[in-house]
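Following: one structure in structure tokens, then a few remarks.
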Amino acid sequence: RSSLRQALILAPPSAGGSSWMKRFGEYSDAFASGWMMLRGTRRRRGVDRGFVLSDHADWPGLLWAIEQTGAERVMVTHGSVGILVRYLRELGLDAQGFSTEYGDEEDSNPTAAEPEATTAGEAQS
Numbered sequence: 001r002s003s004l005r006q007a008l009i010l011a012p013p014s015a016g017g018s019s020w021m022k023r024f025g026e027y028s029d030a031f032a033s034g035w036m037m038l039r040g041t042r043r044r045r046g047v048d049r050g051f052v053l054s055d056h057a058d059w060p061g062l063l064w065a066i067e068q069t070g071a072e073r074v075m076v077t078h079g080s081v082g083i084l085v086r087y088l089r090e091l092g093l094d095a096q097g098f099s100t101e102y103g104d105e106e107d108s109n110p111t112a113a114e115p116e117a118t119t120a121g122e123a124q125s
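All residue numbers for the sequence shown refer to the UniProt record's numbering, where the first residue is 1 and numbers rise by one.
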């Protein structure tokens, strides 16, 4: 838990208030969605902060968002995990695939189902 202090954890809306979230202890939550452009959405969602960000991001949009955070370490949880991790590593970032218990999506990419995060030194297929 102490290693996650001041960490930014991105999770699907279904994680809010779950036992999975409770394991992190006290936290401040936010919601990122295109819906945040509408007045009152943050209040209705009951979150501390709201950020306007479409969840229908394309490749340039994902890369732009990652760059804008200034993050040196990026955890990828779904979609084309292996491809994005490999590309981010080529850019010099510490990128890792991270398996979550919220993976109802069908994904043919085997790295999305890995039981643990991989380290930056491990090969990603």
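Backbone N, C-alpha and C fix where the C-beta goes; we use that ideal spot for every residue, glycine too.
- Boundaries of the alpha helix (DSSP H) around R42: T41 to R45.
- Under the criterion of beta carbons closer than 8 Å, E72 and D94 qualify as touching, at roughly 6 Å.
- The Cβ-Cβ distance between F51 and M36 falls below 8 Å.
- Cα atoms of L38 and S99: separation of roughly 32 Å, rounded to the nearest angstrom.
- DSSP places A32 in the uninterrupted beta strand (DSSP E) bounded by A30 to A32.
- For A15, the secondary structure class from DSSP, reduced to helix, strand or coil, is helix.
- Here the C-alpha atom of S14 lies approximately 13 Å from the C-alpha atom of A30.
- A residue is called buried once 16 or more other Cβ atoms fall within 10 Å of its Cβ, and G97 is buried on that count.
- Here S33 is near L53, since their CB atoms are less than 8 Å apart.
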